[in-house]
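Only one structure is covered here, and it is reproduced in the block below.
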């Protein structure tokens, strides 16, 4: 097992790191707003990549949903699916395209149960806004430019209303 | 079952009236020969409520799903336009959907699509600009908004989509599959067509979860039936088609025979046995019959199950 897999399989420290990041981003927001999205991103992007590339094989989408997807990057899925696995997952849980690799969503489902964000498995994630690709997702998140809710469809963000409180977990 | 849809879809009507629905697959040809589609239409006419036209099946180039759907429509039948996210970005998806609606084709099935690496153009760029869930949502927005994906109003006529989605109960993570159906229903799916069922016990477990979650009352589930007539076809599907679960015991049923008529007889019997079992499962609202290169068996199955004539 690689170190990356080990760290992702034990996501508690990643969760603490994210909670801390969120707090720092909250404080930094006025600075980002003054400096502007592009320039703030230019500075922070390098730092974000140094951390996220080795840890998550970050694909630099600029609108990170890691905490919603069990600390597993959905952009590493060959179909870049942000809402769950495709129908091609092999019986052993491996990817249709790369038979030697785990399906990203098999891992996301497993790992999300070990984070406080399990309920986000039923979140309806918006499609990628490709204009944000290559920007720092920390900055886009702090400035609320990432469409990690639902883009132009604010009515439905979660499958909760369909499940009506029935336990799916 | 309550269907929040008042449009013209024949499939929606059949489901609303409480009938057990039948959808049949029409495979567009690899070349531009319309006769292949016409022949299937002639064979299948009257044996299904709606006719699925596949979209570059197995990531191999075929006649466009939309073109085949237009032929089905012009023959006076209802097409189910299968639509993958693999080959089109948001603009192309919406343009084709608007084009389909202009021909009165409004029953659409949203899929991610097999990856290009599985098909005959492995060197092509896979698109996946949006995923199938967001395609479902986009169609709902286009109908109910009526707005495009960018939020802008669609002028004058709203496309009257009856929105379908797919699920594969046979691919891990199994516990996620029913939850994913719930997500698709929240996004706007009104009917679900499943992967071909060969492992009935596994499908039964899946449906039990669907019923637990109350989803069978919110979405019409059409169970996939994939009749086969040879060991070769089974081997092919097991090894080369993504997400198939075909138990070994099925091979044994065919192993004793070599003559074409015998093999076809076994294939028909097997399909009917499975269909009978699937029909009894709570929450199943219809069948979706996919008989690749064996269209002639579909009328036989529908008749044997007592589902002919169609309402």
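Chains as they are written, first to last, in this note's numbering: chain A, 3 to 171; chain B, 19 to 329. Even glycine gets a Cβ: it sits at the ideal position worked out from N, Cα and C.
{"Item": "8 angstroms contact criterion, which residue 158/B and residue 238/B should meet: CB distance rounded", "Value": "Rounded, the Cβ-Cβ distance is 16 angstroms, inconsistent with contact."}
{"Item": "Contact set for residue 161/A: own chain, Cβ-Cβ below 6 angstroms, skip 5 residues either direction", "Value": "124"}
{"Item": "Extent of the continuous alpha helix (DSSP H) run through residue 28/A", "Value": "14 to 37"}
{"Item": "Rounded Cβ spacing between residue 200/B and residue 231/B (contact assumed at less than 8 angstroms)", "Value": "6 angstroms"}
{"Item": "N-terminal and C-terminal residue of the alpha helix (DSSP H) that residue 70/B is part of", "Value": "Careful: residue 70/B lies outside any alpha helix (DSSP H), inside the beta strand (DSSP E) at 68 to 71."}
{"Item": "Residue 72/B beta carbon less than 8 angstroms from that of residue 99/B", "Value": "no"}
{"Item": "Residue-chain proximity (residue 224/B, chain A), Cβ-Cβ < 8 angstroms", "Value": "no"}
{"Item": "Residue nearest to residue 120/B in terms of C-alpha spacing, selected from 234/B, 179/B, 198/B, 196/B", "Value": "179/B"}
{"Item": "Residue 203/B at chain A interface by Cβ criterion, 8 angstroms", "Value": "yes"}
{"Item": "Residues near residue 263/B in its chain [Cβ-Cβ closer than 7 angstroms; skip 5 each side]", "Value": "188, 216, 217, 220"}
{"Item": "C-beta atoms of residue 182/B and residue 228/B nearer than 8 angstroms", "Value": "no"}
{"Item": "Straight-line gap, residue 152/A to residue 7/A (C-alpha atoms, nearest Å)", "Value": "Its pLDDT being 47, under 50, residue 152/A is placed unreliably by the model, and nothing is read from it."}
{"Item": "CB contact check: residue 198/B to chain A, cutoff 8 angstroms", "Value": "yes"}
{"Item": "DSSP-derived helix/strand/coil call for residue 210/B", "Value": "strand"}
{"Item": "Local conformation of residue 152/A per DSSP, three classes", "Value": "With a pLDDT of only 47 at residue 152/A, under 50, the local geometry of the prediction cannot be trusted, and the value read off the model is given with reservation. Of the three classes helix, strand and coil, the one that applies to residue 152/A here is coil, per DSSP."}
{"Item": "Residue range of the unbroken alpha helix (DSSP H) whose run includes residue 97/B", "Value": "Residue 97/B -> not in any alpha helix (DSSP H); beta strand (DSSP E) instead, spanning 97 to 102."}
{"Item": "The alpha helix (DSSP H) enclosing residue 53/B, as first and last residue numbers", "Value": "52 to 62"}
{"Item": "Contact with chain A by residue 112/B, beta-carbon distance below 8 angstroms", "Value": "no"}
{"Item": "Residues that DSSP places opposite residue 104/A in a beta bridge", "Value": "96/A"}
{"Item": "8 angstroms Cβ cutoff, residue 106/A in contact with chain B", "Value": "no"}
{"Item": "Contact the stretch 74 to 82 of chain A vs the stretch 28 to 41 of chain A: 3+ CB pairs below 8 angstroms", "Value": "no"}
{"Item": "Assumed close pair residue 125/B, residue 96/B - CB separation to whole angstroms, cut-off 8 angstroms", "Value": "6 angstroms"}
{"Item": "Integer Cβ distance of residue 111/B from residue 153/B, believed to fall under 8 angstroms", "Value": "7 angstroms"}
{"Item": "Where residue 65/B falls, given that 16 or more other Cβ within 10 Å makes a residue buried", "Value": "buried"}
{"Item": "Chain B within 8 angstroms of residue 160/A, Cβ atoms only", "Value": "yes"}
{"Item": "Alpha-carbon to alpha-carbon, residue 100/A and residue 164/A", "Value": "34 angstroms"}
{"Item": "Inter-residue Cα distance where the pair is residue 41/B and residue 43/A", "Value": "51 angstroms"}
{"Item": "Member of 36/B, 77/B, 245/B whose CA lies at the smallest distance from the CA of residue 292/B", "Value": "245/B"}
{"Item": "Neighbourhood of residue 91/B by C-beta distance below 7 angstroms, restricted to the same chain and skipping five residues each side", "Value": "97, 121, 122, 123"}
{"Item": "With 16 other Cβ atoms within 10 Å as the buried cut-off, status of residue 132/A", "Value": "exposed"}
{"Item": "Closest residue to residue 26/B among 280/B, 58/B, 67/B (Cα-Cα distance)", "Value": "67/B"}
{"Item": "Residue 180/B - partner residues in DSSP beta bridges", "Value": "125/B"}
{"Item": "Among 241/B, 242/B, 273/B, 235/B, nearest to residue 253/B - alpha-carbon criterion", "Value": "273/B"}
{"Item": "For residue 121/A and residue 71/A, believed in contact at Cβ under 8 angstroms, the rounded distance", "Value": "In fact, because the Cβ distance is near 13 angstroms, the residues do not count as touching under 8 angstroms."}
{"Item": "Integer Cβ distance of residue 89/B from residue 50/B, believed to fall under 8 angstroms", "Value": "Going by Cβ atoms, the distance from residue 89/B to residue 50/B rounds to 12 angstroms, so no, they are not a contact pair."}
{"Item": "Residue 69/B versus 281/B, 78/B, 94/B, residue with shortest Cα-Cα distance", "Value": "94/B"}
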